[in-house]
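Novice:
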Amino acid sequence: MSEPSCSVAHRLLLRCATGAQVREAHASLMVTGELVSSPVAAAVFLHNTLIRAYARTGGAAHLEAILVYRHLLRSALPPDTHTFPFLLKASAAALPGSAIAAAQGGAAHAQIVRLGFSGQLHATNALIHFYSLAGDLPAARRLLETSATTDVVSFNTLITGYCRSGNSAAARKLFDEMPQRNGISWTAMISGHVHCGEEREALSLFSAMQSSGVPPMAATLVSVLSACAQLGALEQGRWVHRHLRVSGGGAATINVFLGTALIDMYAKCGEVDAAVAVFEAMPERNLLSWTTLIGGLAVHGRGTAALRLFEQMETSGVAPDDVAFVAALSACSHAGLLDDGRRIFAAMRRRYGVEPKLEHYGCLVDLLARGGRLTEAMAAVEEMPVSPDGRIWSALMAGCRFHGDAKLAERVAERLVALEPDNGGVYVLLANVYGAAGRHGEAVRVRGAMRRRCLGKAPGWSSVEVGGEVHQFTAGGGSHPAAAAARAKWAAVERRLREEEGYVPGREEVLVEVEEEEKDAAVGGHSEKIAMGFAMLRSGEGERMRIMKNLRVCGDCHRATKLVSKVFRREIVVRDRTRFHIFRDGRCSCGDYW
DNA sequence: TTAGGGTTAG
Numbered sequence: 001m002s003e004p005s006c007s008v009a010h011r012l013l014l015r016c017a018t019g020a021q022v023r024e025a026h027a028s029l030m031v032t033g034e035l036v037s038s039p040v041a042a043a044v045f046l047h048n049t050l051i052r053a054y055a056r057t058g059g060a061a062h063l064e065a066i067l068v069y070r071h072l073l074r075s076a077l078p079p080d081t082h083t084f085p086f087l088l089k090a091s092a093a094a095l096p097g098s099a100i101a102a103a104q105g106g107a108a109h110a111q112i113v114r115l116g117f118s119g120q121l122h123a124t125n126a127l128i129h130f131y132s133l134a135g136d137l138p139a140a141r142r143l144l145e146t147s148a149t150t151d152v153v154s155f156n157t158l159i160t161g162y163c164r165s166g167n168s169a170a171a172r173k174l175f176d177e178m179p180q181r182n183g184i185s186w187t188a189m190i191s192g193h194v195h196c197g198e199e200r201e202a203l204s205l206f207s208a209m210q211s212s213g214v215p216p217m218a219a220t221l222v223s224v225l226s227a228c229a230q231l232g233a234l235e236q237g238r239w240v241h242r243h244l245r246v247s248g249g250g251a252a253t254i255n256v257f258l259g260t261a262l263i264d265m266y267a268k269c270g271e272v273d274a275a276v277a278v279f280e281a282m283p284e285r286n287l288l289s290w291t292t293l294i295g296g297l298a299v300h301g302r303g304t305a306a307l308r309l310f311e312q313m314e315t316s317g318v319a320p321d322d323v324a325f326v327a328a329l330s331a332c333s334h335a336g337l338l339d340d341g342r343r344i345f346a347a348m349r350r351r352y353g354v355e356p357k358l359e360h361y362g363c364l365v366d367l368l369a370r371g372g373r374l375t376e377a378m379a380a381v382e383e384m385p386v387s388p389d390g391r392i393w394s395a396l397m398a399g400c401r402f403h404g405d406a407k408l409a410e411r412v413a414e415r416l417v418a419l420e421p422d423n424g425g426v427y428v429l430l431a432n433v434y435g436a437a438g439r440h441g442e443a444v445r446v447r448g449a450m451r452r453r454c455l456g457k458a459p460g461w462s463s464v465e466v467g468g469e470v471h472q473f474t475a476g477g478g479s480h481p482a483a484a485a486a487r488a489k490w491a492a493v494e495r496r497l498r499e500e501e502g503y504v505p506g507r508e509e510v511l512v513e514v515e516e517e518e519k520d521a522a523v524g525g526h527s528e529k530i531a532m533g534f535a536m537l538r539s540g541e542g543e544r545m546r547i548m549k550n551l552r553v554c555g556d557c558h559r560a561t562k563l564v565s566k567v568f569r570r571e572i573v574v575r576d577r578t579r580f581h582i583f584r585d586g587r588c589s590c591g592d593y594w
């Protein structure tokens with residue numbers, strides 16, 4: 001007996017990987033007339049399969065899935081229980097910016113009720129999914145609470161919905177209360193914490209998952225690695241890598257997601273060579289894997305290597321997207337590659353049709369401004385099609401400060417203050433510009449204005465990983481139990497730097513109105529130095545010290561860290577807000593350009 | 001050989 005033609009078409013459609021392929025298969029079904037002239041069950045089946053195929057491929061194809069559904073209705077064919085999950089999935093995926101998709105979801109809900117499908121588990125779950133993505137979490141919650149049948153998937157879907165909308169607390173409550181959990185429940189909650197910037201919660205939930213005996217899935221480890229990357233938790237990240245190597249299948253278990261997550265983790269933990277090794281061992285790479293490594297090399301200041309990789313990616317037939325261009329441009333900006341940066345920026349639109357966004361302008365302005373091309377940088381800002389935000393002006397401002405252009409800095413500061421009047425950091429920047437230009441009276445005036453408005457700068461902190469544990473310090477040491485010991489250790493270290501290298505704590509970074517005597521103490525209290533003191537107290541002699549901070553390294557800390565690496569023969573890895581500094585033998589990998 | 005949930009870069 002020969003196979004029914006709808007089965008052949010079904011298999012064909014599910015093999016389609018792109019919207020264009022689905023469109024072609026769709027067209028051939030229209031030509032043969034199979035879509036409408038088959039027996040009713042087969043015709044509905046084919047419509048469902050088409051909707052599913054469009055839903056899978058993404059982009060504009062999501063909307064075409066909706067068109068197929070409307071074609072089904074126009075052909076007077078009855079949607080069945082299989083139709084709605086596919087339709088809702090496509091509608092949910094098409095949601096951003098599509099009023100049609102939003103309306104279709106609501107209409108499908110009404111139709112489900114009318115046809116008596118509302119008791120069906122799959123319809124319920126698809127609706128929860130749709131409302132979650134539509135941002136209507138109360139509607140999704142109502143479905144979970146009032147539906148006759150729900151299962152673990154219903155809960156998992158709502159947990160994900162809460163997390164995507166930023167409400168991890170509601171998600172966690174649901175997770176804690178749900179009657180049973182599977183691996184996906186744990187994974188959804190762990191990745192949800194990461195999504196909401198709660199990496200520590202994510203890691204502690206992962207250890208709870210392990211205690212509960214549920215084995216981690218690949219997707220779980222991807223999220224765990226992402227948490228490690230954000231936290232700079234190298235030891236835990238390495239543990240995941242080892243775990244992958246020993247548990248079943250060896251390197252083959254490292255899929256493209258895990259490989260990319262490992263690259264990111266190593267790069268963000270200061271081990272860029274390990275990131276390169278993972279990349280080279282990957283059997284399969286995609287745009288994200290390339291981009292991650294390019295960005296990793298960029299933050300390590302390896303601009304030339306990053307650009308070489310970018311070219312290799314192009315030659316291998318992978319077209320860069322907007323994110324890849326951010327990575328390439330930031331590589332130029334961290335390494336001061338002025339001409340390459342200009343060239344790549346121009347090629348974005350011309351060769352690849354990628355419209356430059358704020359981030360791209362940010363890199364360009366940063367590059368030009370720090371390269372001393374302040375006029376060109378200002379011109380770039382003025383010709384931007386989108387209005388510049390605080391980050392763009394800040395990049396320009398940093399350039400002004402670096403090159404001592406107090407006049408332009410004032411103009412830029414006016415724009416910045418207008419944009420972000422409550423951001424104390426802006427005033428600090430301006431005061432520093434005046435300080436660098438020797439106009440101390442003006443600097444004091446700006447500080448005064450800042451105080452009158454009761455504005456503060458975001459408090460700085462530094463953290464250091466010792467023995468797999470992360471310790472955090474604010475300026476002066478903060479509330480860490482070992483703050484006093486760390487401060488004392490730093491004082492001893494600094495004495496040796498003075499004796500052997502003639503180190504004098506720099507003054508340009510200090511609040512100008514602070515008395516002379518207190519200046520050294522204020523600089524000595526920078527969180528980075530306390531963290532370094534703590535690391536020297538607690539870590540082994542030859543060990544690399546790993547410090548992470550939320551602000552940029554200041555000039556004085558940079559100088560002091562270089563000297564520590566020389567005098568104490570220690571390698572020090574510092575991850576600051578924008579890049580890595582690797583200190584060795586009195587030198588820094590940034591070449592003093594940051 | 002027809003359904004639903006989780007996963008990486010900036």
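Read in order, the letters of the first sequence are residues 1 to 594 in full-length UniProt numbering.
No residue lacks a Cβ here, since even glycine has one placed at the ideal position from N, Cα and C.
Pull up the DSSP beta-bridge partners for Thr18, would you.
Specialist: The partner list for Thr18 (beta bridge, DSSP) is empty, contrary to what the question assumes.
Novice: Would you check if there are 3 or more beta carbon pairs closer than 8 Å linking the segment 536-548 to the segment 439-451?
Specialist: No, they do not touch.
Novice: Please list the terminal residues of the continuous beta strand (DSSP E) segment that includes His526.
Specialist: His526 -> no beta strand (DSSP E), and no H or E assigned at all.
Novice: Straight-line CA distance for Ser316 to Asn286?
Specialist: 11 Å
Novice: What do you get for Ala251, buried or exposed, if any count of 16 or more other CB atoms within 10 angstroms of its CB means buried?
Specialist: At Ala251, the pLDDT of 48 sits below 50, so the modelled position is not reliable; the number obtained from the coordinates is stated separately. Its Cβ having fewer than 16 others within 10 Å, Ala251 is exposed.
Novice: So is Glu517 buried or exposed if we call it buried at 16+ other beta carbons inside 10 Å?
Specialist: Per-residue confidence for Glu517 stands at a pLDDT of 39, beneath the threshold of 50, marking its modelled position as unreliable; the derived number appears in the next sentence. It counts as exposed.
Novice: Suppose the cutoff is 7 Å on Cβ atoms and the five residues either side in sequence are ignored; what does the same chain contact list for Ala20 look like?
Specialist: none
Novice: Flag this pair as yes or no: are the beta carbons of Gly161 and Thr220 separated by less than 8 Å?
Specialist: Contact flag unset, no.
Novice: Check whether the segment 32-44 touches the segment 52-59, taking contact to mean three or more Cβ pairs, one atom from each stretch, closer than 8 Å.
Specialist: With a cut-off of 8 Å, the segment 52-59 and the segment 32-44 do not count as touching, because too few Cβ pairs lie within range.
Novice: Looking at C-alpha atoms only, which residue of Gly336, Arg411 and Gly295 is the closest neighbour of residue 598?
Specialist: Outside the modelled stretch of the chain, which goes from 1 to 594, sits residue 598, for which no answer is possible.
Novice: Please report the residue range of the beta strand (DSSP E) in which Ile547 lies.
Specialist: Met545 to Lys549
Novice: Between which two residues does the beta strand (DSSP E) harbouring Glu469 extend?
Specialist: Glu469 to Thr474
Novice: Using only CA atoms, which one of Cys196, Ile159, Gln230 and Gly197 lies nearest to Trp186?
Specialist: Ile159
Novice: Please report how far the alpha carbon of Gly390 lies from the alpha carbon of Leu408, in whole angstroms.
Specialist: Taken atom to atom, the span from the alpha-carbon of Gly390 to that of Leu408 is near 16 Å.
Novice: Counting along the chain, where does the beta strand (DSSP E) carrying Ile572 start and finish?
Specialist: Ile572 to Arg575
Novice: Return helix, strand or coil for Ile254, following the three-state DSSP convention.
Specialist: coil
Novice: Taking C-beta to C-beta, are Ala65 and Glu34 nearer than 8 Å?
Specialist: Contact: no.
Novice: In its own chain, which residues sit with a C-beta less than 7 Å from the C-beta of Phe84, not counting the 5 before and 5 after it?
Specialist: These residues qualify, in order along the chain: Ala108, Ile112, Phe117, Ala123 and Ala126.
Novice: Applying the 10 Å Cβ sphere with the 16-neighbour rule, what's the burial state of Cys557?
Specialist: By the 10 Å Cβ count, Cys557 comes out buried.
Novice: Can you find the residues in the same chain that come closer than 7 Å, C-beta to C-beta, to Gly303, ignoring five residues on each side of it along the sequence?
Specialist: The residues are Ala331, Cys332, His334, Ala335 and Leu337.
Novice: Got a sec? Which residues, its chain only, sit under 6 Å from Phe175 by beta carbon, not counting five neighbours each side?
Specialist: Ile159 and Met189
Novice: If you drop the 5 nearest sequence neighbours on each side, which residues of the same chain put their C-beta closer than 6 Å to that of Ala267?
Specialist: Ala275 and Gly296
Novice: How far does the alpha helix (DSSP H) with His403 in it extend, from its first residue to its last?
Specialist: Careful: His403 lies outside any alpha helix (DSSP H) and carries neither H nor E.
Novice: Starting from Trp461 and walking both ways along the beta strand (DSSP E), at which residues does that stretch end?
Specialist: Trp461 to Val466
Novice: Is it a yes or a no for the segment 70-77 touching the segment 89-102, going by three-plus beta-carbon pairs under 8 Å?
Specialist: no
Novice: Give a yes or no on whether the C-beta atoms belonging to Tyr361 and Ala346 are separated by under 8 Å.
Specialist: no
Novice: Looking only at its own chain, which residues have a Cβ that is under 7 Å from the Cβ of Glu515, when we skip the five neighbours before and after it?
Specialist: Summary for Glu515: the model assigns pLDDT 38, below 50, so the residue's position carries little reliability; its value from the coordinates is reported in the next sentence. Once the five neighbours on either side are set aside, Glu515 has no close Cβ partner at all.
Novice: Assign Phe580 to one of three DSSP states: helix, strand, or coil.
Specialist: strand
Novice: Leu396 and Ala431: beta carbons closer than 8 Å?
Specialist: Going by C-beta atoms, Leu396 is not nearer than 8 Å to Ala431.
Novice: Using only CA atoms, which one of Phe130, His300, Phe325 and Gly259 lies nearest to Ser589?
Specialist: His300
Novice: Would you call the segment 541-558 and the segment 474-492 in contact, with 3 or more CB pairs under 8 Å?
Specialist: no
Novice: To the nearest angstrom, report how far apart Phe130 and Ser191 are at their CA atoms.
Specialist: 19 Å
Novice: Compare the C-alpha of Met348 against each of Glu314, Leu374, Gly371 and Ile128 and name the closest.
Specialist: When each option's Cα is compared against that of Met348, the closest is Glu314.
Novice: Determine the closest residue to Arg200 out of Val214, Val470 and Gln210, with distance taken between C-alpha atoms.
Specialist: Taking only the C-alpha atoms, the option nearest Arg200 is Val470.
Novice: The alpha helix (DSSP H) that contains His82, what's its start and end?
Specialist: Here His82 belongs to no alpha helix (DSSP H), and DSSP marks it neither H nor E.
Novice: For the alpha helix (DSSP H) that Gly441 lies in, which residues bound it at each end?
Specialist: His440 to Arg452
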